[in-house]
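Remarks on the structure that follows.
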Amino acid sequence: MTYDLAIIGGGPAGAAAAVYAARKRLRTVVIAKDWIGQSSVSEKIENWVGTPAISGVELSKNLEIHAKTYAKDQVSGEEILTFKDGESCIEIGRPSGAGGSFSIRTDKDSYNANAVLIASGSSRRKLDVKGAKEFEHKGLTYCATCDGPMYSDQDVAVIGGGNAAFESAAQLLAYCKSVTLLYRGTTFKADPGTVEAVSKNPKMKVIVNAVPKEVAGDKFVTSFTYTDATSKKDITIPVTGIFVEIGAIPNTDFAKNATVKLNESNHVITDPRNQRTTVDGIWTAGDCTDGLYHQNNIAAGDAVKAIEDIYLYLRT
2 MTYDLAIIGG GPAGAAAAVY AARKRLRTVV IAKDWIGQSS VSEKIENWVG TPAISGVELS
62 KNLEIHAKTY AKDQVSGEEI LTFKDGESCI EIGRPSGAGG SFSIRTDKDS YNANAVLIAS
122 GSSRRKLDVK GAKEFEHKGL TYCATCDGPM YSDQDVAVIG GGNAAFESAA QLLAYCKSVT
182 LLYRGTTFKA DPGTVEAVSK NPKMKVIVNA VPKEVAGDKF VTSFTYTDAT SKKDITIPVT
242 GIFVEIGAIP NTDFAKNATV KLNESNHVIT DPRNQRTTVD GIWTAGDCTD GLYHQNNIAA
302 GDAVKAIEDI YLYLRT
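Start counting at 1 in the sequence shown, then tack on 1, and there's your number in my numbering.
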């Protein structure tokens, strides 16, 4: 059969899209490797609007439950959403002619749909040093927005030199005792204005030529060691929190065959007014887009915009 819509992804964007597609009675196939978004690593999320506090795992589960509640039409009982859990998208084939449908090939099957929404998210680039894996969720985290408030009045470190690193530092300065930003280079990727503004804070310390070496602690993080690239000496600083902001990798490799245009970071180039891509019939939402900001609430909002536009595209 040919579906109205194929949604690729099961995070906040994919779940929001599924709910809205069902309410508009669009016959939809939802292809999700899993329903675990990036925030699943967070013990406590306090910025999911409408919920004062929730764990990342619980949020992921709630999104899945909400989406699957609409699997069948609330009036007729007819199946409206078809879920293909545990499948990874490999390729999106373009229609062979006018009015044709897209072919979506996964590692297990293939599906046809008249429209496609890519909501595949991204994966955090991990800190690859001794102790980083062992202390993840135990003082080492990848989201200052999600976890920062738990480190009130503590000494913390931020790893990175881009806008995300300095913006995370700015958030942490609001409640942490001190923030030390460490960057392996000498020329920051962040905007000069942002660097200057954040660096002026008396609680802020910036260290360049700092090559990460080791995360250490007992039950939780107690220190971070880096190598000074100039002196070649190892230096250890006492911290109880380490916030890693060294970039994210969008999950978009499968989109290349559809000739969807990507930027230099492989994010899908997207029209923020309606979430359309450069290919007619394909939309994107969430962290896989080239949007300026990436957050759970933004991803869900992207998806809602996309479905509104997809409905008009398919029905008018």
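Idealized CB from N, CA, C, for every residue including glycine.
Since the model is a prediction, treat every value here as computed from it, not as a measurement.
- R277 counts as buried, since at least 16 other C-beta atoms from the protein chains shown sit within 10 angstroms of its C-beta.
- Rounded to the nearest whole angstrom, the C-alpha separation of L27 and D288 is 24 Å.
- Counting C-beta pairs closer than 8 Å gives three or more between the segment 299-313 and the segment 15-35, which meets the contact rule.
- When the five nearest sequence neighbours on each side are left out, the beta carbons in the same chain lying within less than 7 Å of the beta carbon of L64 are those of P13, A16, W36, in order along the chain.
- Classified as buried, K85 has 16 or more neighbouring CB atoms from the shown chains inside 10 Å of its CB.
- DSSP places A256 within a helical segment (H, G or I) once states are collapsed to three.
- It is roughly 14 Å from the alpha-carbon of M2 to the alpha-carbon of A116.
- In the DSSP annotation of this structure, the continuous segment of the alpha helix (DSSP H) that includes Y312 starts and ends at 297-316.
- For F221, the number of other beta carbons within 10 angstroms of its own is below 16, and it is reported as exposed.
- DSSP places R106 inside the beta strand (DSSP E), whose first and last residues are 103-107.
- In this structure, the beta-carbon distance from D108 to E92 does not fall below 8 Å.
- For Y4, the secondary structure class from DSSP, reduced to helix, strand or coil, is strand.
- Per the DSSP secondary-structure output, R277 pairs in a beta bridge with D272, W284.
- Comparing C-alpha distances from A33 to each of A19, I46, G10, T195 shows the shortest one belongs to G10.
- Contact between G149 and G218 is absent: CB atoms are separated by about 19 Å, not below the 8 Å threshold.
- A straight-line Cα-Cα distance of about 5 Å links G94 and S104.
- In the structure shown, G38 adopts coil according to DSSP, grouped into three states.
- Taken in chain order, the complete alpha helix (DSSP H) segments of 4 residues or longer contained in the segment 12-67 are 13-24.
- Sequence-distant Cβ neighbours of N267 in its own chain, meaning closer than 8 Å and more than five residues away, are I250, P251, T253, D254.
- Separation of T83 and R316 (C-alpha to C-alpha, rounded to the nearest whole angstrom) is 20 Å.
- DSSP places G94 in the strand class (E or B) of the three-state scheme.
- Of the residues assessed, Y152 falls on the buried side of the cut-off, its CB having 16 or more other CB atoms within 10 angstroms.
- Measuring C-alpha to C-alpha distances from S232 to each of E59, V209, Q75 identifies V209 as the nearest.
- In this structure, the alpha-carbon of N298 lies about 34 Å from that of K214.
- Given a length threshold of 4 residues, each whole run of the alpha helix (DSSP H) inside the segment 162-201 is given here in chain order: 164-174, 193-200.
- By the criterion of a C-beta distance shorter than 8 Å, P96 is surrounded in its chain by S102, F103, G282, once the five residues flanking it on both sides are discounted.
- Comparing alpha carbon positions, the residue from A7, W284, P239 closest to T260 is W284.
- In the three-state DSSP reduction, K214 falls in the strand class (E or B).
- When D192, A7, A256, F244 are compared, the shortest CA-CA separation from A133 is found for F244.
- In the displayed model, D235 falls within a strand according to three-state DSSP.
- Within a 10 Å sphere around the beta-carbon of Y294 sit fewer than 16 other beta-carbons, which makes this residue exposed.
- For P251, DSSP records a beta bridge to S123.
- Three or more beta-carbon pairs separated by less than 8 Å link the segment 165-182 to the segment 191-211, which places the two stretches in contact.
- DSSP lists L6 as the beta-bridge partner residues of A116.
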